[in-house]
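Here the structure is laid out as structure tokens; the discussion comes afterwards.
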Amino acid sequence: MEALLEKLQSAQARLLSAVTAGRGRERETLRELADTLQELELVAQAAAPAGEGAAPPSALTPTFYASFLLVLLLAEDLNGARFLWKRIPATLKSESETLCKTWGIGKALWQRDFAAAYNAMDQPWPQELQALVELLRASTRESTAELLSAAYSTISTHDAAQALGFAQPNDLLEYCASLQWEVDTAEQFVRPKARSPARRDTTGLEQLETLSKYVLHLEQSTVVKLP
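Heads up, the sequence shown is in the numbering used here, so the first residue is 1 and it goes up one at a time.
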């Protein structure tokens with residue numbers, strides 16, 4: 001069992017290195033890493049002493065689970081991240097602010113609250129998690145840009161900035177320019193340009209479901225309530 005655990009930890013380190021170095025953002029690599037982390041979790045639990053009150057296995061640290069959550073979010077597996085959070089021992093959740101902060105990102109993404117997700121990602125992070133968080137920020141921004149380009153012919157600069165995670169107007173303008181989106185600074189709107197989803201491989205039905213939920217969330221969050 002110990003040999004298998006060491007083998008899985010070695011695979012975890014190799015795959016994490018590939019992902020954070022930018023060599024493994026493909027869905028297949030992320031899925032392989034997520035599967036490795038899940039197997040490592042199961043093997044560590046099987047090798048640990050059982051019984052009520054037993055401490056979590058030493059390999060299953062808050063950092064392990066935070067990394068696991070971030071990998072699932074990078075793989076756009078929100079369901080998997082939600083179920084992982086539910087099975088993480090309560091003792092680890094209560095002891096680790098970083099672990100709870102990581103799930104804060106997942107919860108915000110689950111609720112399509114991109115402003116809250118970016119805000120959580122912009123907080124200080126431990127060095128061993130920083131690269132994954134930065135990748136997730138870039139991935140979330142790219143995915144959201146695809147949704148905006150598919151859902152809107154025009155969108156306010158305020159809503160675009162919130163959806164894309166930009167606090168400074170110049171940062172939004174620079175990003176829109178990189179996508180060849182037209183920005184009317186006088187009228188305060190952005191005209192997204194349809195783009196080819198190069199990295200995504202979701203089916204049309206999944207894309208439509210995600211798009212519908214996001215548009216509904218954005219419209220609900222920006223509705224004007226009349227007196």
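We treat Cβ as the ideally placed atom computed from N, Cα and C, and that holds for glycine.
C-beta atoms of residue i and residue j nearer than 8 Å
| i | j | result |
| --- | --- | --- |
| Leu-92 | Ala-81 | no |
| Ala-34 | Ala-75 | yes |
| Thr-36 | Leu-15 | yes |
| Ala-47 | Pro-57 | yes |
| Ala-163 | Leu-172 | no |
| Trp-125 | Leu-78 | no |
| Leu-30 | Gln-12 | no |
| Ile-105 | Ala-115 | no |
Where residue i falls: helix, strand or coil (DSSP)
| i | result |
| --- | --- |
| Asp-184 | strand |
| Ile-105 | helix |
| Ala-18 | helix |
| Ser-178 | helix |
| Glu-26 | coil |
| Leu-42 | helix |
| Arg-112 | coil |
| Ser-96 | coil |
| Leu-173 | helix |
| Ala-151 | helix |
| Asp-122 | coil |
Status (buried if at least 16 other CB within 10 Å, exposed otherwise) for residue i
| i | result |
| --- | --- |
| Pro-192 | buried |
| Thr-203 | Reliability fails at Thr-203, whose pLDDT of 40 lies under 50, so the model's placement of it is uncertain and no value is given. |
| Phe-83 | exposed |
| Ser-229 | Residue 229 lies beyond the residue range present for the chain, which begins at 1 and ends at 227; the question has no answer from this structure. |
| Arg-112 | buried |
Own chain residues within Cβ distance below 8 Å of residue i, not counting five before or after
| i | result |
| --- | --- |
| Val-43 | Met-1, Leu-4, Leu-5, Leu-8 |
| Ser-153 | Arg-191, Pro-192 |
| Met-45 | The amino acid occupying residue 45 in the given sequence is Gln; Met does not appear at that position. The residues are Pro-57, Leu-60. |
Beta bridge counterpart(s) of residue i as assigned by DSSP
| i | result |
| --- | --- |
| Phe-189 | Ser-156, Asp-184 |
CB contact check: residue i to chain B, cutoff 8 Å
| i | result |
| --- | --- |
| Gln-45 | Among the protein chains of the structure shown there is no chain B, as only one such chain exists. |
Chain-order list of residues whose beta-carbon lies under 6 Å from that of residue i (same chain, five-residue window excluded)
| i | result |
| --- | --- |
| Ile-88 | Tyr-65 |
7 Å Cβ shell around residue i - same chain, five flanking residues per side excluded
| i | result |
| --- | --- |
| Tyr-175 | Leu-164, Phe-166 |
| Phe-189 | Thr-154, Ile-155, Ser-156, Thr-157 |
| Leu-205 | Low confidence applies here, because Leu-205 scores a pLDDT of 46, under 50, leaving its location unreliable; read the following figure in that light. Same-chain partners within the cutoff: there are none. |
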